[in-house]
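Novice: If you use this note's numbering, the sequence shown corresponds to residues 1 to 561, in order.
Don't be surprised by glycine CBs; every beta carbon is placed ideally from N, CA and C.
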Amino acid sequence: MVEDGGRDVSVDDGRSIEEWLLLAQDLVPVALEKAREVKGFPGRWKMIISKLEQIPSRLSDLSSHPCFSKNTLCREQLQAVSKTLNESIELAEVCMGDKYEGKLRMQSDLDALTGKMDLNLRDCGLLIKTGVLGEVTFPFPMVPNSTEQEISIHTDIRELLARLQIGHLEAKHRALDRLVELMKEDEKTVLAVLGRSNIAALVQLLTATSPKIREKTATVICSLAESGICENWLASEGVLTPLIRLVEWGSAVGMEKAAISLQRLSLSAETARSIVGYGGARPLIEMCLAGDSVLQASAACALKNLSAVPEVRQNLAEEGIIKVMIDLLDHGILLGSKEYAAECLQNLSSNNENLRRTVVSEGGIQSLLAYLDGPLPQESAVGALRNLVGSISLYDLVSLGLIPRLVHVLKSGSVGAQQAAASAVCSLCSSVEMKKLVGESGFIPLLVKMLEAKTNGAREVAAQAISMLVTLSHNRRAVKRDDKSVPNLVQLLDPSPKNTAKKYAVLCLVSISSSKKCRKVMISYGAIGYLKKMTEMDIPGAKKLLEGLERGKLRSLFVRK
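Set out below in structure tokens:
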């Protein structure tokens, strides 16, 4: 497409749309006659003639549309076609008289004319085939009682969106300027009018040769992506590749808007896979290293979203994401960048031993522990550490100070962070030595208290950790000594399907049921009633615990008598 098409639709001598149609129809045979008489530049004129011959059918299609006489776009299109036909006649006369200044100059003029004709033919076709003509003419369906002003605004927006699909680049430039303004003023109304063909037109403008056009288009697409309404349309219309290219080579504004768009679009697992497949990981990783604070945060968030998809984690690792995320933990400009990096490392280390070893070898544990000492949310960092504890030795765990930091999180962290810390305790309990170390470090009272948490997930992981710890006699004694342990565990015997902690609560209670004192407390808090309801649920240890409590209750009855 020729982007400097020379079209000036502002020039209007007062003709009606029917008069413009008649003028264009009259100019076609004149232009064809003149073109066929030219002897020089035969190849170029043959191409021009073939395009001139297509114009009558396009004009016929346009004029036969029911909306023809009501649409300003038709009028502008006829003006543009008439101007191109006039230019063709003038160039033919110049060529026939050998009055041109130079051969190369004339070749360039003829190529420009061919481009304008292509544009005219394409735009006439778009007006008919894509429905733009009808869309702009008829107001978008409004809710009942819409005012005339609201209908007028919708109509204006639809015409503006249509102009993104037709015309030369300068016209689209002006349309984009106005669209950016409207998105700032009333984004909701613009989104209500938007159609898929408009999305396709915007995506095409992302590849325009003009940096300003690309930048403004990226701004509009960023707003569309953030709206959460048209992600599927954007992805299906091929927006990912041009956005990735903008991240690599765009202007500062273009890079920022493209990164934010990818951040939003990457929330979809399918789109995330496509971003990696199209080579989007490397430019985002490089942006984390070299970008400013906003770019760095957007890229880190996008990479965090990508890392949530298991199939692409190895690809991300091969692009060097682990080292970069660790560097962000240490030196990220914005606090948000550090948080995204911690989440990314948690994702990467969740189910791949090779990636875990890479995180450890790159110093990831030290950086995660340092992150825990800061003011940021701790859940992701603790989750990452939970994934990594099996990849380091007991000596390293002690020397790096992981244990006291986990104790601190269980004491004062958020519910999510506490849950992650309790899960980390479960991962630590892989050996007798570790269970002993955890039990001696003050975890048990904190886990017992956590059994009272409001969320089922937190209660479940706390009960699971205790069930693993009480396999050691030293830890069992610590649980027995805690006055809250038995009451809290009995409360978790609730047979409700939503209570996923009950199986671990049974294991804990079975382990400490040898204590007469603990059995009495279990009975007094209603453990027998709960266990009777659980006998049909096939929960390991429930039947044995019930029988033991009932024998103890019967024995105590005989003693009293």
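(1) Grab me the residues of Gln443's own chain with a C-beta within less than 8 Å of its C-beta, minus the 5 sequence neighbours each way, in chain order.
(2) So does the region 33–50 actually touch the region 120–127, counting three or more Cβ pairs closer than 8 Å?
(3) So what's Val94 in DSSP terms, helix, strand or just coil?
(4) By Cβ distance below 7 Å, which residues in the same chain neighbour Ser467 in space, the five residues on each side in sequence not counted?
(5) For the alpha helix (DSSP H) containing His331, list its first residue and its last residue.
(6) Out of Cys518, Ala381, Ala171 and Arg214, state which residue places its alpha-carbon closest to the alpha-carbon of Leu328.
(7) Would you call the CB atoms of Ile365 and Leu385 closer than 9 Å?
(8) CA-CA distance, Leu182 and Thr209?
(9) Between Glu353, Ile322, Asp61 and Glu101, which has its C-alpha nearest Leu368's C-alpha?
(10) Consult DSSP for Pro310 and reduce its assignment to one of helix, strand or coil.
(11) When the distance is taken between beta carbons, is Val324 closer than 9 Å to Cys288?
(12) Among Arg357, Leu119 and Leu91, which has the Cα closest to the Cα of Ser108?
(13) Beta-carbon within less than 6 Å of Lys304's beta-carbon, same chain only, minus the 5 sequence neighbours each way: which residues are those?
(14) Going by CA-CA distance only, name the one from Lys99, Ser88, Ala297 and Lys532 that's closest to Val28.
(15) Report all residues from its chain with a CB closer than 8 Å to the CB of Val432; omit the five preceding and five following residues, and keep chain order.
(16) Which residue from Glu547, Asn475 and Leu191 puts its Cα closest to that of Leu447?
(17) Indicate whether Leu549 and Ile512 have their beta-carbon atoms separated by less than 9 Å.
(18) With a threshold of 16 other CB atoms inside 10 Å of the CB of Thr358, please say whether the residue is buried or exposed.
(19) Considering only the beta carbon of each residue, do Ala259 and Leu224 sit closer than 9 Å?
(20) For the alpha helix (DSSP H) that contains Arg405, what are its first and last residues?
(21) Evaluate Trp20 with the Cβ neighbour count: other Cβ atoms within 10 Å of its Cβ, from every protein chain shown; 16 or more gives buried, anything less gives exposed.
(22) From this set, Gln263, Pro42, Asn120 and Glu33, which residue's C-alpha is nearest Ser57's C-alpha?
Specialist: The answer reads as follows:
(1) It should be pointed out that residue 443 corresponds to Phe in this sequence rather than to Gln. Excluding residues within five positions, the ones whose Cβ falls inside 8 Å are Leu406, Val407, Leu410, Val425, Ala465 and Leu469.
(2) no
(3) helix
(4) Tyr504, Leu507 and Cys508
(5) Ile321 to His331
(6) Ala381
(7) yes
(8) 24 Å
(9) Ile322
(10) helix
(11) yes
(12) Leu91
(13) Tyr340, Glu343 and Cys344
(14) Ser88
(15) Leu472
(16) Asn475
(17) no
(18) buried
(19) no
(20) Unbroken alpha helix (DSSP H) run through Arg405: Leu402 to Ser412.
(21) buried
(22) Asn120
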